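With mature numbering (1 follows the signal peptide of the UniProt record, and there is no 0) applied, the sequence shown corresponds to residues -25 to -1, 1 to 209, in that order. Note that the Cβ used here is the ideal one computed from N, Cα and C, for glycine as well. None of these values were measured; they are calculated from a predicted model. Here is the structure we will look at.
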Amino acid sequence: MNFWFKKKWFMVFVNYFLLFRLIRANTEKEIFTANTVKVPKSIIEEIGGQLINEDLVTLIPPYTIQRYEKIIPFRNDEEFSLTGENGEKENWYILDGLEGGHTYEARISYAATSPSIFILEIMGLEEAARILNKQKGLQNNGSNFEPQEKVSTTKKLVRVRAIHEGVSVIPGKDSQPVIYNIVLETLLFGVPRVAFKLILVLGVVMGLIYFILVPMIYKSLQKVIVGDEKDHEE
């Protein structure tokens, strides 16, 4: 009976370990501070039209997660350096609702069964406009980029690309798109908002244990010890 019980728990541990290896995730992140900048109105209108046509996902703080996104990684560093600026094999996201002076984290998580390096680039509207126009073969005319009216904005964009690294344990995985989740989260004192709340809860729990539960246990132990001493004296 004892042998059967140990064997059962051993099999549970092995299955858990194998499952953990399959579902564990890698993480790539980029931390940045939002700032308010003045951007020519023509750029906002121009890039806004492009973003609407692309139907891009908008990430808004304090916390937004977009699940099950797909991207085709570059095969290697050489392909990335040769064709990485062509506008292929990349995803764009809008970062809106940012507050100037606040710190944020853009984070990507993906399964360890898809060994890849993710590259996140946080950029302002002007830089994004230059990249997108270049990809589409459009010229950046000075008249278009020097209007009289400018608009203050904190909006940014993030470009996501990936490069294959290593060999997957799953046959044929290297030729398939990588599925990932992307998160935009506000940082409080350098700690993600969700983790900060968890730390506060743990602090409260530890305080209750230290100031209430521990003294109660200590008093109970004292009573037991005193009672045992009296029994021995009698």
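To which residues of the same chain is residue i closer than 6 Å at the C-beta, ignoring the five residues directly before and after it?
i	result
V158	I40 and R82
L73	A9 and T129
K4	E80 and R82
S127	T11 and K13
For residue i, count neighbouring C-beta atoms within 10 Å of its own C-beta (all shown protein chains included) and say buried if the count is 16 or more, exposed if not.
i	result
P15	buried
Y185	exposed
Y155	buried
V135	buried
Y193	exposed
N28	exposed
Please work out which residues of its chain come closer than 8 Å, Cβ to Cβ, to residue i, disregarding the five sequence neighbours upstream and downstream, and give them in chain order.
i	result
P37	E160, T161 and R168
E124	P15 and K16
G75	A9, N10, T11 and T129
Contact defined as beta carbons within less than 8 Å: I believe residue i pairs with residue j. What is the distance between those atoms, to the nearest angstrom?
i	j	result
L132	A103	4 Å
N61	Q110	7 Å
S91	E140	6 Å
Spatial neighbours of residue i within its chain, please: C-beta separation below 7 Å, excluding the five flanking residues on both sides.
i	result
L31	W67, Y68 and I69
D52	I138
G99	V12 and K131
Comparing alpha-carbon positions, which option in the options lies nearest residue i?
i	options	result
F49	I200, M191, T88 and S150	S150
G23	I200, V142, E101 and E140	E101
T78	F164, L183 and S143	F164
I94	A87, G76, F55 and I106	F55
S143	L113, V199, T33 and A86	A86
I46	E65, L34 and L183	E65
In chain order, each beta strand (DSSP E) run of at least 3 residues that lies wholly inside the stretch 24 to 64: 32 to 34 and 38 to 46
Any beta strand (DSSP E) of 3 or more consecutive residues that is wholly inside the stretch 107 to 187: 125 to 128, 131 to 139 and 153 to 163
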